[in-house]
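Report on the structure given below.
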Amino acid sequence: MADYQSLYQLSLENPHQFWQEASQAIDWYEKPTKILDDSRPPFYRWFADGVLNTCYNALDRHVQQGRADQAALIYDSPVTNTVKTFSYRELLAMVADFAGALVAQGVQKGDRVIVYMPMVPEAVIAMLACARIGAIHSVVFGGFAARELATRINDACPKLIVSASCGLEGQRVIPYKPLLDDAIAQATHQPEKCIILQRPQLTADLIAGRDITWQEAVQGVTPAECVPVAATDPLYILYTSGTTGIPKGVVRDNGGHAVAMMWSMRYVYNMQPGEVYWAASDVGWVVGHSYIVYAPLLYGCTTILYEGKPVGTPDPGAFWRVIAQHQVNVLFTAPTAFRAIKKEDPQGSFLEKYNLPSFRTLFLAGERCDPDTLFWAQNLLKVPVIDHWWQTETGWAIAANCLGIEAKPVKAGSPTTPVPGFNVQCLDENGEEIKDDRIGSIMIKLPMPPGCLMTLWNNDERFVSSYLSAYEGYYLTGDAGYKDSENYLFIMSRIDDIINVAGHRLSTGGMEEVLASHPDVAECAVIGVADQLKGEIPLGMVVLKAGVQRSDAEIVKELVQMVRDKIGPVASFKVATVVKRLPKTRSGKILRGTMKKIAEGQTYRMPATIDDPTILDEIETSLEKLGYAAKATASS
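With the first letter of the sequence shown counted as 1, position 417 gets the number 417 in full-length UniProt numbering; the numbers rise by one all the way through.
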């Protein structure tokens, strides 16, 4: 096997050869001969003349090639006390039946289907069924507010919506059907049909003529065969928040996506077919699309669908129980999940109940992994802990320690080096590449590799203005950071989170790294707030570990001194406060931008993806005690 540097250079210097070889891992109806269509930049297309079916590659071929009785999907739901395993043969039969149900309801190739579901097997089945018949699915996180769902209905114009009667959040039952009905009432586009999965915890009321149950939909249908689609045909639309409040529909293609997913399972995650892979995420997020559903099944692995939390379902040992029970080889989750475990069980005592002989690697992504969390996980689990960096738009890792090529030394705070295919550069304000450790804008030189977004749904113009207009020939990641002398990337913060303190550009991520190293701190956030004298000054918020008995004032004093010692007086870090919890999206990202608006007394929009809106009231109260948030108000 080639070393990392050789593969990386080949991917940049001869991408046609590199990705042509990678494409051979996919079963094609018509093998691509045009590997990269660069005739219409910046709209690059991979495998332009190839024809395939993603569902066939994820299910049918494994059944035909000897994996029929292997576990494909393990549904583990501590909130319903359910564990159920589906073989590749069983999953294929259920997907073919539901695909037949979609066809019976009039869904055809190219039609859109919104999937508004909790973490149940039917969500995975619906996604794969759409892929099977060439329909384009758009998964919307179950329980999303009606207004947000309505905007997605209007944009995607689905022929049909698949939903469930309810979702479960810990002990709470969240009715979905009233939210769905409200969203359809608000939307200008009206779906023709809704298929509703009735869960035992709650029976939803159905609207005659529009709604049918999942059970009714699949009864007596003819199982659908796979429909060949062009490699460049859309597989799905996934909405990500837009700065204008209007969500952006990221479009993922079939061919490039399948090739990238297959390649990443082998070379990034060092998996082998037949092994057990667990992405502890949600199918509403990109991680759920890429690494709960598509990549593990394309590669012939067993994938885990987990309906629960890292803590509270029932305790901070939840992850260890799943790994031990299902013999998980690789876990991929967000750093915030491990911060939650660390907060509740700082000593890691719950791990002592379990034996994890199969477990060999922990991958983290979604938020920057602070060194303290990295070291805590390493010391507890005694396995490599790999921070890697990617985005909804890219669909897979931009930078990672590619364990299937060459395991590199881990540097705390870095996702290691760019993944083959990604030409990552750090640029200054003039578009010149930065060669030293100064922070700049992290950009990706076009064309990006297979698997990345093709465009935004029905909005090429916004795709260019949002991502491709900062510097010609480059994709704007929106992240700020630097490269060191060994080409290791350090992603310090979002570009918007670089603050200017008396003319000094400083990273809030660097300050968070210092705060997180305090022995009493479980997690933290630093925001920049307007200051008449210095332009901006940093303000820190910290959540303490369970069982800390010391006074908040004493801890804050130590934190201020630590930042002064490690970053210097130039940071002007003088204000911090202890809070019970930080506001986050349901994927674990801390809502720093919202907290900044609250601190500065601005009107702010309630984030659609917020996990618990009541946290913002707590943050506002804490900031008011510090003299901030005087006139902050939330708009609906």
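Don't be surprised by glycine CBs; every beta carbon is placed ideally from N, CA and C. Keep in mind that this is a model prediction, so the values were computed, not measured.
Can you find a heavy atom of the ligand FMN that lies under 7 Å from the Cβ of residue i?
i	result
L36	Ligands are entirely absent from the displayed structure, and the ligand FMN is therefore not among its contents.
Closest to residue i by C-alpha separation, out of the options, would be which residue?
i	options	result
L180	E169, E192 and A164	A164
D282	V95, E275 and I292	I292
K343	L582, T417 and L128	L582
S23	S507, W46 and A470	W46
D497	Q186, F422, P316 and K596	K596
D372	S241, A522 and F319	A522
D612	N430, E624 and K589	K589
A295	Y269, K309, F319 and G284	Y269
I619	V578, T80 and I434	V578
T598	G167, K625 and S572	Reading off the sequence shown, one finds Ile at residue 598, where the question assumed Thr. Here the closest residue by C-alpha is K625.
V543	A530, L533 and V526	V526
D428	H388, G421, K483 and T392	K483
L539	D565, G547 and G593	G593
A25	P273, Y116 and G348	P273
S572	K580, P607, G528 and R605	G528
V410	L364, A230, S6 and G547	L364
R605	E192, E148 and E169	E148
G143	T80, I341, C157 and A183	A183
DSSP three-state label for residue i, please.
i	result
P418	strand
G220	coil
N379	helix
M511	helix
G478	strand
T603	strand
F144	coil
Y277	strand
F573	coil
E523	strand
T455	coil
E432	coil
F338	helix
L489	strand
T373	helix
W19	helix
V410	coil
How would you label residue i, buried or exposed, when you count the other beta carbons within 10 angstroms and need 16 or more for buried?
i	result
A553	exposed
H16	exposed
F375	exposed
E513	buried
E352	exposed
G568	exposed
R67	buried
V83	exposed
L102	buried
S77	buried
A502	exposed
T477	buried
R550	exposed
V113	buried
N254	buried
So if DSSP puts residue i in a beta bridge, which residue, or which two residues, is it bridged to?
i	result
S87	A71
P175	C166
C426	I442
V501	H504 and G535
T213	I196
L362	L331 and V385
I619	I619 pairs with nothing; no bridge assigned.
P234	D253
L202	R199
M94	M94 is not bridged to any residue.
residue 638	In the structure as shown, the chain begins at 1 and stops at 636. Residue 638 is therefore absent and cannot be evaluated.
H189	The partner list for H189 (beta bridge, DSSP) is empty, contrary to what the question assumes.
K248	T240
S77	T82
Confirm, please, whether the CB-CB distance from residue j to residue i is below 8 Å.
i	j	result
S290	N329	no
V322	Y306	yes
R494	A480	yes
T336	K584	yes
G100	T203	no
N57	L298	yes
C194	I246	no
E122	L73	no
Q190	V173	no
Y44	V63	no
W396	S485	no
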